[in-house]
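One structure below.
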Amino acid sequence: MPTVAVFFGGRSNESEVSVITGMLVCNLLRGGSYRVLPVYLPSEGGMVTADFRAVEEVVRPKKPPLPVRVEGRALVRAKGRGRVVARFDVALNCCHGGMGEDGTLSALLAWQGVPLASPAMPESAVFMDKWLTKIAARGLNIPVAPAVCLKEGEDGAAKAEEVGYPLVVKPVHLGSSIGVTVVHAPEELDAALALAFELDDAALLEKYFEGRRDINCAAVRIGGEVRLSPPEEVFSAGDVLTYREKYEEGRGSQCPADLSEEIALRIRAATHTLYEAFGMRGIVRADFLVVGEEVFFNELNMVPGSLAGYLLGGTLSGTRRLLEEVIADALARPKAQKHIIHTGILTRGVFSGAKSCKRRQKIV
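Oh and the sequence shown: position 53 is 141 in the working numbering, straight run, nothing missing.
Written out as structure tokens, the structure reads:
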């Protein structure tokens, strides 16, 4: 029976939510087609493993979990001689935000030759950055809300005037609505920017739409087929959908959303275009703003909450089947073996070409 290593936690403002997702996924997969190897990334750094069965066991473990690192398709002790603790066949990323979601973890696993049942490094790096997200969407002719990117030390007032009020201030690299503020007038801008820059080194200033609707659509590739969920509407009581509404005391959601067939098709088509253009694998969720008859792409979540199982799988048993299919797809995916050219330049002793470092006085 293959073993799937489930990574969760991380040095991120969303690490607590990630623990919930990680435990949900671990417990859904247990007793099915795969052995489960939980790997927790504490907020202070590193990796630990234990037979975690519930959130409480991660937050308040009865005994310290074992510090480990990844070497190939194995976890080895982080200290000492690196004895193998456990071996695994495939990995699943449940880390929300930070270096778990921005491609760092995906790159580490790829470097170690681990099959990954989650998005890869390139697309993760792009869509973790809200400004790069807009650039990518525009390149694919997908409408996005007008916005500017502001770095610390730049003139926020001038940038805000480019967008116009009201506007939304967001940390560029964060998710889960953390640090997001709606600014209705210039005198509110400094406080909103101070919050954003307390959490991130860049902020997005984006046009705010009164009466906007928050719509989600998830996507996954199984084999060669891209599957799309029906659009879902998430309801909010305030100016924007908040962290509390997402994870604690929200007004709920409706799936499928009450949308015209034409708008629903546009949302699904944009999600499909983004997914295919970047050659993605794994489960992602695209977020949109619907304003009247207009549709604006907002964000692409590379590690969505609960891995969007409720959208693509429906029931808990359906979510388990979905996860098992995604893992099986990663295991069955052929690994490209391309020829690596060795030029022999290091053995010839002279480096005098136009692109060389011009070996002189034995500098190299």
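Just so you know, even glycine gets a beta-carbon here, dropped at the ideal spot from N, CA and C.
Here the structure is a predicted model, which means the values were calculated and not measured.
Assuming the contact rule is C-beta atoms closer than 8 Å, residue i and residue j should be a hit. Round their C-beta distance to whole Å, please.
{"i": "R165", "j": "V173", "result": "6 Å"}
{"i": "G168", "j": "P155", "result": "Not really, about 10 Å apart at Cβ, beyond 8 Å."}
{"i": "P351", "j": "V378", "result": "According to the sequence displayed, residue 351 carries Ile and not Pro. Right, the Cβ-Cβ distance comes to about 6 Å (below 8 Å), so this counts as a contact."}
{"i": "A284", "j": "Y253", "result": "Not confirmed; about 16 Å, so no contact."}
{"i": "L163", "j": "V113", "result": "Between V113 and L163 the Cβ distance is about 18 Å, and since that is not below 8 Å, they are no contact."}
{"i": "A424", "j": "T359", "result": "Between T359 and A424 the Cβ distance is about 26 Å, and since that is not below 8 Å, they are no contact."}
{"i": "N181", "j": "L193", "result": "6 Å"}
{"i": "L228", "j": "A365", "result": "6 Å"}
{"i": "L129", "j": "F95", "result": "7 Å"}
Could you name the residues that DSSP lists as bridge partners for residue i?
{"i": "N386", "result": "None; N386 has no bridge partner."}
{"i": "Y128", "result": "F96 and V136"}
{"i": "S341", "result": "V322"}
{"i": "T361", "result": "BP columns for T361 are empty, so no partner."}
{"i": "T269", "result": "V257"}
{"i": "K239", "result": "A290"}
{"i": "M309", "result": "Sequence inspection shows Arg at residue 309; the Met mentioned does not correspond to that position. Paired residues: V314."}
{"i": "A179", "result": "A93 and L204"}
{"i": "A162", "result": "R175"}
So what's residue i in DSSP terms, helix, strand or just coil?
{"i": "M57", "result": "Limits of the chain in this structure are 89 at one end and 452 at the other, which puts residue 57 out of reach."}
{"i": "P210", "result": "helix"}
{"i": "P422", "result": "coil"}
{"i": "A233", "result": "coil"}
{"i": "D346", "result": "coil"}
{"i": "E102", "result": "coil"}
{"i": "I371", "result": "coil"}
{"i": "F297", "result": "coil"}
{"i": "A142", "result": "coil"}
{"i": "A174", "result": "strand"}
{"i": "R354", "result": "helix"}
{"i": "I303", "result": "strand"}
{"i": "L377", "result": "strand"}
{"i": "A396", "result": "helix"}
Can residue i and residue j be called in contact, C-beta distance under 9 Å?
{"i": "L287", "j": "L262", "result": "yes"}
{"i": "R118", "j": "P90", "result": "no"}
{"i": "A138", "j": "E144", "result": "no"}
{"i": "L353", "j": "I303", "result": "no"}
{"i": "C305", "j": "L411", "result": "no"}
{"i": "F384", "j": "F297", "result": "yes"}
{"i": "P319", "j": "I355", "result": "yes"}
{"i": "V232", "j": "K239", "result": "no"}
{"i": "L388", "j": "G397", "result": "no"}
{"i": "L362", "j": "T109", "result": "no"}
{"i": "I266", "j": "E382", "result": "no"}
{"i": "E321", "j": "R301", "result": "yes"}
Just to confirm my understanding: we take residue i, look at its own chain, exclude 5 residues before and 5 after, and list those with CB closer than 7 Å. What are they?
{"i": "D368", "result": "A small correction: the amino acid at residue 368 is Met; Asp does not occupy that position in the sequence shown. Counting only Cβ-Cβ distances below 7 Å, and skipping sequence neighbours, we find P207, E211 and R309."}
{"i": "C237", "result": "W219, V260, A290 and L292"}
{"i": "L277", "result": "G244, A245, A248 and V271"}
{"i": "G401", "result": "T407, R409 and L410"}
Identify, in the order they occur along the chain, each residue of the same chain with its Cβ nearer than 6 Å to the Cβ of residue i, setting aside the five sequence neighbours on each side.
{"i": "Q200", "result": "V158 and G160"}
{"i": "M390", "result": "E189, P207, S212, F215 and V372"}
{"i": "V202", "result": "R161 and A179"}
{"i": "A280", "result": "V257, T269 and V271"}
{"i": "E413", "result": "I310"}
{"i": "G191", "result": "M209, S212 and A213"}
{"i": "D375", "result": "N304, N386 and E387"}
{"i": "F140", "result": "P126 and V146"}
Just to confirm my understanding: we take residue i, look at its own chain, exclude 5 residues before and 5 after, and list those with CB closer than 8 Å. What are they?
{"i": "G432", "result": "none"}
{"i": "S100", "result": "S106, S131, C183, H184, G185, G186, M187, G188 and E189"}
{"i": "D417", "result": "A205, R309, I310, G311 and R369"}
{"i": "A198", "result": "L204, A208 and M209"}
{"i": "G120", "result": "R408 and E412"}
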